[in-house]
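Report on one structure; see the data block that follows.
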Amino acid sequence: MRTKIVKITEGNRKEVLKKAAIIIKNGGLVVFPTETVYGLGANVFDDKALSKIFLAKGRPGDNPLIVHISDKTELKELTNSVTENQQKLIDAFWPGPLTIIFEKKDTISNIVSGGLSTIAVRMPSNYIAHKLIHLAGVPIAAPSANISGRPSGTKGEDIYNELVGKVNMIINDGDSKIGVESTVIKINDKQILILRPGAVTKEMLEKVLFPLPVFFAKDKNDLQSSPGTKYKHYAPKFKLEVISKEEIKNKAEVLKNKGLIIGVITTNQNKDSFKEYEPNFFILGDENNLEEISKNLYNALRFFDTHKVDLILCQSFPEVGLGVAIMDRLERASA
Ligand code: TXA
Ligand code: MG
Numbered sequence: 009m010r011t012k013i014v015k016i017t018e019g020n021r022k023e024v025l026k027k028a029a030i031i032i033k034n035g036g037l038v039v040f041p042t043e044t045v046y047g048l049g050a051n052v053f054d055d056k057a058l059s060k061i062f063l064a065k066g067r068p069g070d071n072p073l074i075v076h077i078s079d080k081t082e083l084k085e086l087t088n089s090v091t092e093n094q095q096k097l098i099d100a101f102w103p104g105p106l107t108i109i110f111e112k113k114d115t116i117s118n119i120v121s122g123g124l125s126t127i128a129v130r131m132p133s134n135y136i137a138h139k140l141i142h143l144a145g146v147p148i149a150a151p152s153a154n155i156s157g158r159p160s161g162t163k164g165e166d167i168y169n170e171l172v173g174k175v176n177m178i179i180n181d182g183d184s185k186i187g188v189e190s191t192v193i194k195i196n197d198k199q200i201l202i203l204r205p206g207a208v209t210k211e212m213l214e215k216v217l218f219p220l221p222v223f224f225a226k227d228k229n230d231l232q233s234s235p236g237t238k239y240k241h242y243a244p245k246f247k248l249e250v251i252s253k254e255e256i257k258n259k260a261e262v263l264k265n266k267g268l269i270i271g272v273i274t275t276n277q278n279k280d281s282f283k284e285y286e287p288n289f290f291i292l293g294d295e296n297n298l299e300e301i302s303k304n305l306y307n308a309l310r311f312f313d314t315h316k317v318d319l320i321l322c323q324s325f326p327e328v329g330l331g332v333a334i335m336d337r338l339e340r341a342s343a
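The numbering used here puts the sequence shown at residues 9 to 343.
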């Protein structure tokens, strides 16, 4: 398949969006930016197009897709039941990086839901994503734009490498703002369960539905309800270990002396102590700025696609706020 690659400019935005919307309507695949990571999208009502997503990514069929809408009223096309608590979260966080699991309508294909009776929905805040869904006139099912198991695509060039020839169009609009995927939650009368942590944090969810308790699924041993989490994820090409910044220095030195080539992922604060590991050395940003760290996280993992090492040592972060999502991805990447 020939892939049309376009870089968005002031001048071409309208035209590109129009063409992309036609591709979606005609059953094709379009890679488009969202505020979290890039998505690989197809018309949610077109089974043939949906199947192509799984083929392009090499994604297991039982790993369901997130459906993206551009307007809250489109939710009616996907589910018949929105509870009061779900509505409060929608009002608080949409458009934005929160995915909510609903009971799905019977008319929604099992291909989207991976055979489950539920459907994951979110309304992205990114302008291009919003316009594309609106112009296509249908909700767009879209997993992250990457080959299954690899870090999610957050920059055009990485996506070309993995998906050229497998999709009809790639819309490049620069680096993703957040850099990690949306928070995925399931909610009932008793609790909110975070199936995948993201930029909408536990603390933010607690505020909106107080005193309803919020749990991480991994603490509740409830990951069966999130099929995606059982698969290998975000894997860099070489083995990764996540340890405290104090430990990195010692460990790197010992292993280097044994003749191993060590890669280091760390922050501005520790830049100077690791100069000797150049060029196998990636700075995520300021360690007190978790937004900056999350934005650069997958760039760091992909950096080592082209820097051959025996082991990558990455600095760990405190598991509060966005730090939970960062550590979740790092732990999965190192598993
Ligand atoms: O930020 C994001 O969410 C990005 C952008 C493109 O929107 N999308 C994304 O999609 O990360 P994907 O397919 O890479 O991850 C979807 C996650 C998977 O872990 C999947 O198992 C889970 O959402 N999921 C989807 N539908 C579900 C459902 N009905 N029940 C439980 N988990 C579900
Ligand atoms: Mg993904």
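The beta carbon of each residue, even a glycine, is placed where N, CA and C say it ideally should be.
Between 303, 82, 151, 274, which lies nearest to residue 324 when the distance is taken from Cα to Cα? 274
Anticipated Cβ contact below 8 angstroms, residue 3 with residue 342, distance rounded: This structure cannot settle anything about residue 3, because the visible part of the chain is limited to 9 through 343.
Say the cut is 7 angstroms; is the CB of residue 109 nearer than that to a heavy atom of the ligand TXA? yes
Going by DSSP in three states, residue 126 sits in which element: helix, strand or coil? strand
Write down every uninterrupted run of the beta strand (DSSP E) in the segment 289-343 whose length is 3 residues or greater and which is fully enclosed by it, in chain order. 289-291, 319-323
Close-in-space but distant-in-sequence residues of the same chain around residue 245 (CB under 7 angstroms, 5 per side omitted): 312, 313
Can you check which of these residues, 96, 66, 117, 70, is closest to residue 87 by C-alpha distance? 117
Let's test the definition: count the other Cβ atoms within 10 Å of the Cβ of residue 68 and tell me whether it reaches 16, buried, or not, exposed. exposed
Have a look at residue 272 and residue 172 and give me their C-alpha separation to the nearest angstrom. 30 angstroms
Rounded to whole angstroms, how far is the Cβ of residue 278 from the Cβ of residue 253, which I believe are closer than 8 angstroms? 5 angstroms
Please classify residue 114: is it buried, with 16 or more other beta-carbons within 10 angstroms of its beta-carbon, or exposed? exposed
My understanding is that residue 216 touches residue 96, with C-beta atoms under 8 angstroms, so please give their C-beta distance in whole angstroms. 6 angstroms
Please work out which residues of its chain come closer than 6 angstroms, Cβ to Cβ, to residue 142, disregarding the five sequence neighbours upstream and downstream, and give them in chain order. 78
For residue 145, tell me which candidate among 17, 305, 65, 26 has the shortest Cα-Cα distance. 26
Give me the Cα-Cα distance between residue 186 and residue 263, rounded to the nearest whole angstrom. 34 angstroms
Which residues does DSSP pair with residue 180 in a beta bridge? 15
Thinking C-alpha only, which one of 149, 94, 23, 192 is nearest residue 226? 192
Which term fits residue 10, buried or exposed, when burial requires 16 or more other beta carbons within 10 angstroms of its beta carbon? exposed
Host alpha helix (DSSP H) of residue 217 (start-end): 210-217
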